[in-house]
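Asker: Residue numbers (my numbering): -14 to 261. Glycine included, every Cβ here is placed at the ideal spot set by N, Cα and C. None of the values given here were measured: they were computed from a predicted structure. Pasting a structure here, questions to come.
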Amino acid sequence: MHSVGDVRHLEAGELDVVQGPAAVPAAGALGGRTVLVLVGLTGAGKTTTAQHLAARMPLAAVLPDRRALTDRVILPSMTGGAAAVTDRVERFRLTAAFKERHPGGMGEVLSWLRLPADLPAGAILFDGLRGEAEVTAAAALANGRFLVLDCPPAHRLWRLCGRNDPFDQASATTAVDASAHGTDAIREALRGEGFDALVGAADFARLVRTLVDRAVGPEAVARSAAIIVEESHHYDPDEARAALLRLAPDRTLVLDTAKLDPETVARAAADWLAGE
-14 MHSVGDVRHL
-4 EAGELDVVQG
6 PAAVPAAGAL
16 GGRTVLVLVG
26 LTGAGKTTTA
36 QHLAARMPLA
46 AVLPDRRALT
56 DRVILPSMTG
66 GAAAVTDRVE
76 RFRLTAAFKE
86 RHPGGMGEVL
96 SWLRLPADLP
106 AGAILFDGLR
116 GEAEVTAAAA
126 LANGRFLVLD
136 CPPAHRLWRL
146 CGRNDPFDQA
156 SATTAVDASA
166 HGTDAIREAL
176 RGEGFDALVG
186 AADFARLVRT
196 LVDRAVGPEA
206 VARSAAIIVE
216 ESHHYDPDEA
226 RAALLRLAPD
236 RTLVLDTAKL
246 DPETVARAAA
256 DWLAGE
């Protein structure tokens, strides 16, 4: 049995990828493990939650995150192994093209993974899945447990604006005047990317005020909005949640990360798993 915090963080190169679950030896397949899968969109708090869970739970290992597995498996199959794809909007489009070949997307990729032979017994954590097709594919993991992190678009956007992650690169759809500032500049940056279509008028106005009060520049707003809007074209969180509650209701926990801090989310998830 592992002690809490004694968790192996696997690198993408440590995993063998065998396309087709029937070809993966049973001894190394994820299906033989309890796998806690985080489900949520960009800015929902998956990475922070994963860190808290790894510190709190006696896990055997944490899988490479979605970003690393996308770089290892999905993007090379779509680009022929060309240069790294850093623009997040383009990454969404390439992963959508991958799903045309493999409808389960990242959920299907999980079934292709062969774990290292020296991995001790115990639960595995994965961050994470998005959308109905991915969770439907992953629901076939008999021992899969799904932690759905709900968070509305406006809340996710201001998180994205403030996290300063170098990965959050995207080309905005519309040109933004870097010297502009104030309410009008923020409002136009959001509208230029179509973000206003994702939220109601009251939430939109509240978001604009929050971004202005926090002195977030219009370029950062446009870049973050472009990521969230493009993601919304490919993944519907409501459909993902509904699919899991239909396919695996006893193996799914839904938490609102706009209302709960990461430590509370991790504690609730750990208690849920321990009480099964």
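So what does DSSP say about V94, is it helix, strand or coil?
Answerer: Correct three-state label for V94: helix.
Asker: Using a 10 Å radius around the Cβ and a threshold of 16 neighbouring Cβ atoms, would you call T168 buried or exposed?
Answerer: With fewer than 16 Cβ atoms within 10 Å of its Cβ, T168 is classed as exposed.
Asker: Helix or strand or just coil, what does DSSP make of A259?
Answerer: DSSP places A259 in helix when its eight states are reduced to three.
Asker: Less than 8 Å between the beta carbons of T242 and D112, yes or no?
Answerer: Not a contact, by the Cβ cut-off of 8 Å.
Asker: Using only alpha-carbon positions, find the residue among L23, S62, L60 that is nearest to L110.
Answerer: Nearest C-alpha to L110: L23.
Asker: List in chain order: all unbroken beta strand (DSSP E) runs of 3+ residues lying wholly within the stretch 63 to 147.
Answerer: The stretch 63 to 147 contains these whole beta strand (DSSP E) runs: 109 to 114, 129 to 135.
Asker: Evaluate T71 with the Cβ neighbour count: other Cβ atoms within 10 Å of its Cβ, from every protein chain shown; 16 or more gives buried, anything less gives exposed.
Answerer: Under this definition T71 is an exposed residue.
Asker: Cα-Cα, which of R226, K244, E(-1), T237 is closest to L104?
Answerer: L104 has its Cα closest to that of E(-1), out of R226, K244, E(-1), T237.
Asker: How close, in whole Å, do the beta carbons of V94 and L126 come, if the pair is a contact with beta carbons under 8 Å?
Answerer: V94 to L126, Cβ: 12 Å. No contact.
Asker: According to DSSP, simplified to helix, strand and coil, what is T33?
Answerer: It is helical.
Asker: Is the CB-CB distance between V206 and L196 below 8 Å?
Answerer: Yes, the pair counts as a contact, with Cβ atoms nearer than the cut-off.
Asker: Can you tell me which of P234, W257, A108 puts its alpha carbon nearest to the alpha carbon of A124?
Answerer: Here the closest residue by C-alpha is P234.
Asker: How about the stretch 216 to 226 and the stretch 186 to 196: do they share at least three Cβ pairs that are nearer than 8 Å?
Answerer: These segments do not touch.
Asker: Taking DSSP as the reference, what is the three-state secondary structure of V250?
Answerer: In the structure shown, V250 sits in a helix (DSSP, three-state: H, G or I).
Asker: Within 10 Å of its beta-carbon, does H(-6) have 16 or more other beta-carbons around it, so buried, or fewer, so exposed?
Answerer: Under this definition H(-6) is an exposed residue.
Asker: In the structure shown, what three-state DSSP assignment does D181 receive?
Answerer: Helix.
Asker: Rounded to the nearest angstrom, what separates T19 and A81 at their Cα positions?
Answerer: C-alpha separation (whole angstroms): 28 Å.
Asker: Let's test the definition: count the other Cβ atoms within 10 Å of the Cβ of V74 and tell me whether it reaches 16, buried, or not, exposed.
Answerer: Buried, because 16 or more other Cβ atoms sit within 10 Å of the Cβ of V74.
Asker: Assign V197 to one of three DSSP states: helix, strand, or coil.
Answerer: Of the three classes helix, strand and coil, the one that applies to V197 here is helix, per DSSP.
Asker: Assuming the contact rule is C-beta atoms closer than 8 Å, V201 and G25 should be a hit. Round their C-beta distance to whole Å, please.
Answerer: Incorrect: roughly 22 Å between the Cβ atoms, too far for contact.
Asker: For a test of the three-state rule: what should DSSP assign to T27, helix, strand or coil?
Answerer: It is coil, neither helix nor strand.
Asker: Could you name the residues of the same chain whose beta carbon sits closer than 8 Å to that of A265, not counting the 5 residues immediately before and after it, in chain order?
Answerer: Not covered by the structure: residue 265. The range shown for the chain is -14 to 261.
Asker: Checking 8 Å against the spacing of the C-beta atoms, do E178 and A139 come in under that value?
Answerer: No; because the gap between Cβ atoms is not below 8 Å, this pair is not in contact.
Asker: Alpha carbon to alpha carbon, how far is A186 from A(-3)? Give it in angstroms, no decimals.
Answerer: In a straight line, the C-alpha of A(-3) is about 43 Å away from that of A186.
Asker: Which of helix, strand or coil does DSSP assign to D50?
Answerer: Here D50 sits in coil by DSSP.
Asker: When the Cα atoms are used, what is the spatial distance from Q154 to G147?
Answerer: At Q154, the pLDDT of 49 sits below 50, so the modelled position is not reliable; the number obtained from the coordinates is stated separately. Approximately 13 Å between the Cα atoms of the pair.
Asker: Can you tell me the Cα-Cα spacing of A254 and P137, whole angstroms?
Answerer: When rounded, the distance between both Cα atoms is 20 Å.
Asker: Pull the bridge partners of R(-7) from the DSSP assignment, please.
Answerer: Looking at the DSSP assignment, R(-7) forms a beta bridge with A46.
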